[in-house]
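So the structure is just underneath, and the comments pick up after that.
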Amino acid sequence: MADTSGESAKIDKQRDGLDQTLSDVQGKLAEMESDKAEPRAASILAGLGFSQERQQYATKTFSGGWRMRLALARALFCEPDLLLLDEPSNMLDVPSITFLSNYLQTYPSTVLVVSHDRAFLNEVATDIIHQHSERLDYYKGANFDTFYNTKEERRKTAQREYENQMAQRQHLQAFIDKFRYNAAKSSEAQSRIKKLEKMPVLEPPEAVYTVKFRFPEVEKLSPPIIQMSNVSFGYTKDNPLLKNVDLDVQLDSRIGIVGPNGAGKTTALKLLIGALQPTSGLISQNPRLRIGFFAQHHIDALDMSASAVGFMAAKYPGKSDEEYRRHLGAFGITGMTGLQKMGLLSGGQKSRVAFACLGLTNPHILVLDEPSNHLDIEAMDALSLALRNFEGGVLMVSHDVTMLQNVCTSLWVCDNGTVTHFEGTVQQYKKKISDQAGDAGVAIQH
Numbered sequence: 001m002a003d004t005s006g007e008s009a010k011i012d013k014q015r016d017g018l019d020q021t022l023s024d025v026q027g028k029l030a031e032m033e034s035d036k037a038e039p040r041a042a043s044i045l046a047g048l049g050f051s052q053e054r055q056q057y058a059t060k061t062f063s064g065g066w067r068m069r070l071a072l073a074r075a076l077f078c079e080p081d082l083l084l085l086d087e088p089s090n091m092l093d094v095p096s097i098t099f100l101s102n103y104l105q106t107y108p109s110t111v112l113v114v115s116h117d118r119a120f121l122n123e124v125a126t127d128i129i130h131q132h133s134e135r136l137d138y139y140k141g142a143n144f145d146t147f148y149n150t151k152e153e154r155r156k157t158a159q160r161e162y163e164n165q166m167a168q169r170q171h172l173q174a175f176i177d178k179f180r181y182n183a184a185k186s187s188e189a190q191s192r193i194k195k196l197e198k199m200p201v202l203e204p205p206e207a208v209y210t211v212k213f214r215f216p217e218v219e220k221l222s223p224p225i226i227q228m229s230n231v232s233f234g235y236t237k238d239n240p241l242l243k244n245v246d247l248d249v250q251l252d253s254r255i256g257i258v259g260p261n262g263a264g265k266t267t268a269l270k271l272l273i274g275a276l277q278p279t280s281g282l283i284s285q286n287p288r289l290r291i292g293f294f295a296q297h298h299i300d301a302l303d304m305s306a307s308a309v310g311f312m313a314a315k316y317p318g319k320s321d322e323e324y325r326r327h328l329g330a331f332g333i334t335g336m337t338g339l340q341k342m343g344l345l346s347g348g349q350k351s352r353v354a355f356a357c358l359g360l361t362n363p364h365i366l367v368l369d370e371p372s373n374h375l376d377i378e379a380m381d382a383l384s385l386a387l388r389n390f391e392g393g394v395l396m397v398s399h400d401v402t403m404l405q406n407v408c409t410s411l412w413v414c415d416n417g418t419v420t421h422f423e424g425t426v427q428q429y430k431k432k433i434s435d436q437a438g439d440a441g442v443a444i445q446h
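Here full-length UniProt numbering is used: position 27 in the sequence shown is 27, and no number is missing along the way.
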């Protein structure tokens with residue numbers, strides 16, 4: 001009879017190895033809390049605006065903006081030791097930014113984020129790294145406001161030190177020039193030469209980066225300016241996107257519209273400017289009203305092969321090149337930049353050209369769809385100031401909380417098929433969103 005003990009021992013050893021592998025896998029799954037993976041994924045997706053129905057869609061059906069959200073959700077779900085986020089709020093609405101901010105505040109590992117969203121950085125950042133002049137400056141224990149104030153104090157201190165040293169150098173040099181060849185004073189002159197040579201050379205501080213926007217004066221109109229009364233709209237009759245919208249815009253209006261992506265915010269703006277016609281209701285306006293519209297994808301309307309001056313001359317004729325250049329200067333496009341092909345300009349510079357074109361229409365009302373996109377923080381501050389000083393009305397859709405706070409005195413919410421006035425501030429709206437998310441079981445924190 002054949003001896004099978006060796007074969008049995010081999011099988012036992014293989015079984016032990018498989019048992020160990022299975023144990024390791026089960027340990028990893030337990031460590032990952034795999035039994036909670038699906039509800040955790042659903043919670044993150046819900047926080048980023050994916051409805052239960054949308055969570056079941058094939059990823060190939062999503063637009064670019066929703067795919068960006070999906071990529072962000074995947075990164076959050078994986079919980080890496082180092083989470084890198086590049087302008088994460090750009091494609092998000094205020095509800096989703098609120099979720100992301102709350103989630104990251106308790107994230108257990110390191111988060112490195114590049115962002116121009118001041119309110120988001122104030123809520124999330126514990127340290128700031130400022131990249132400028134080919135170097136990195138570190139601000140420990142700082143959110144954005146702390147960093148900004150500290151940076152300004154450092155700049156002022158450096159400016160004072162530089163000016164004091166320049167004055168001291170000039171004083172020493174004047175003495176040296178006067179007494180270098182004077183026998184009685186030559187030793188003192190030599191002493192000052194040595195002192196001057198030993199002084200550390202301070203580099204002049206950077207010039208303060210400033211941006212200015214200035215919209216033209218507004219011709220006065222008698223009210224009513226523009227009104228939406230019981231307006232409804234749908235691309236198909238049986239599926240209305242907006243219903244029963246009542247909105248009144250005056251020359252002193254500063255209205256911000258917020259709400260989830262896809263709720264109809266841009267549609268409401270297009271109805272207001274006449275780009276879409278309501279299926280029911282009435283939109284009435286002063287017959288002399290001029291509306292300046294800044295589209296979310298405004299860059300598509302620019303001719304990349306033309307210069308800003310050439311484009312404006314073709315679209316808004318009647319001025320000299322010098323006048324167009326001066327007008328561009330009011331929006332931070334200075335020097336030869338206005339004569340370069342727009343395809344060579346940065347995203348922020350193209351946005352400034354679009355705002356300059358808006359100014360040439362001499363509008364009574366500015367209707368702005370995500371005006372902060374592509375702008376840096378200084379340009380956003382300049383735009384906010386220009387909008388506050390604008391003598392006409394302002395109606396904007398924006399996800400930038402700081403701009404909404406700085407400009408808007410009235411907040412409207414586009415959601416659930418209509419647009420309604422919100423009695424409160426942007427921060428109160430964000431708190432309401434967080435409370436509703438918590439009640440719905442969305443993980444508002446990590």
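Note that the Cβ used here is the ideal one computed from N, Cα and C, for glycine as well.
Check: Beta-carbon proximity check, Ala268 vs Val413, cutoff 9 Å; Outcome: no
Check: Endpoints, the alpha helix (DSSP H) within which Val367 is located; Outcome: Per DSSP, Val367 belongs to no alpha helix (DSSP H); it is in the beta strand (DSSP E), 365-369.
Check: Proximity below 9 Å, CB of Leu383 to CB of Leu375; Outcome: yes
Check: N- and C-terminal bounds of the alpha helix (DSSP H) containing Val231; Outcome: First-last for Val231: 226-233, but that is the beta strand (DSSP E), not the alpha helix (DSSP H).
Check: Local Cβ density within 10 Å of Gly338, reported as buried at 16 or more and exposed below that; Outcome: buried
Check: Selection from Asp19, His116, Gln105, Arg69 that minimises the alpha carbon distance to Met380; Outcome: His116
Check: Whether Leu366 touches Ile299 by CB criterion (9 Å); Outcome: no
Check: Straight-line gap, Asp86 to Gly64 (C-alpha atoms, nearest Å); Outcome: 16 Å
Check: Boundaries of the beta strand (DSSP E) in which His130 is found, first to last residue; Outcome: 128-132
Check: When Leu360, Gly318, Lys341, Thr106 are compared against His327, the one with the closest alpha-carbon; Outcome: Leu360
Check: Rounded distance between the beta-carbons of Val94 and Val258, thought under 8 Å; Outcome: 5 Å
Check: Distance between Lys194 and Asn389 (C-alpha atoms, nearest Å); Outcome: 55 Å
Check: Identified DSSP bridge partners for Lys341; Outcome: Ser307
Check: Which of helix, strand or coil DSSP assigns to Ser186; Outcome: helix
Check: Arg118: CB within 8 Å of a non-hydrogen atom of the ligand NAD; Outcome: With respect to the ligand NAD, the structure offers nothing, as it holds no ligand at all.
Check: Counterpart residues of Met396 in DSSP-defined beta bridges; Outcome: Gly256, Leu368
Check: Beta-carbon spacing of Phe77, Ile129 below 9 Å; Outcome: no
Check: Neighbourhood of Pro80 by C-beta distance below 8 Å, restricted to the same chain and skipping five residues each side; Outcome: Ser109
Check: Cβ-based burial, Met1 [other Cβ within 10 Å; buried from 16]; Outcome: Confidence in Met1 is poor, its pLDDT being 49 and thus under 50, which makes the residue's placement unreliable; the coordinate value appears in the next sentence. With fewer than 16 Cβ atoms within 10 Å of its Cβ, Met1 is classed as exposed.
Check: Phe99 - DSSP class collapsed to helix/strand/coil; Outcome: helix
Check: Among Gln190, Ser307, Leu82, the one whose alpha carbon lies nearest that of Asp321; Outcome: Ser307
Check: First and last residue of the uninterrupted alpha helix (DSSP H) at residue 447; Outcome: What the structure shows of the chain is the stretch from 1 to 446, and residue 447 is not part of that stretch, so it cannot be assessed.
Check: Three-way DSSP call (helix, strand, coil) for Thr334 in this model; Outcome: coil
Check: Strand pairing of Thr110, partner residues [DSSP]; Outcome: Leu82
Check: Those residues which DSSP pairs with Leu136 across a bridge; Outcome: Gln131
Check: Residue span of the alpha helix (DSSP H) that contains Ile176, given as start and end; Outcome: 144-179
Check: Contact set for Thr279: own chain, Cβ-Cβ below 8 Å, skip 5 residues either direction; Outcome: Ser232, Phe233, Gly234, Lys237, Pro240
Check: Cys408 to Arg118 span [Cα, whole Å]; Outcome: 17 Å
Check: Alpha-carbon to alpha-carbon, Ala142 and Asn164; Outcome: 30 Å
Check: Host alpha helix (DSSP H) of Asn406 (start-end); Outcome: 401-407
Check: Any 3 or more C-beta pairs closer than 8 Å across the region 18-32 and the region 48-64; Outcome: no
Check: Beta-bridge partners of Asn261, as assigned by DSSP; Outcome: Partner(s): none; Asn261 has no beta bridge.
Check: For Gly281, the nearest candidate out of Asp303, Glu370, Met228, Gly310 (CA to CA); Outcome: Met228
Check: Paired residues, beta bridge with Val249 - DSSP; Outcome: Ile226
Check: 8 Å contact criterion, which Leu393 and His364 should meet: CB distance rounded; Outcome: Going by the sequence as given, residue 393 is Gly instead of Leu. That pair is a contact at about 7 Å.
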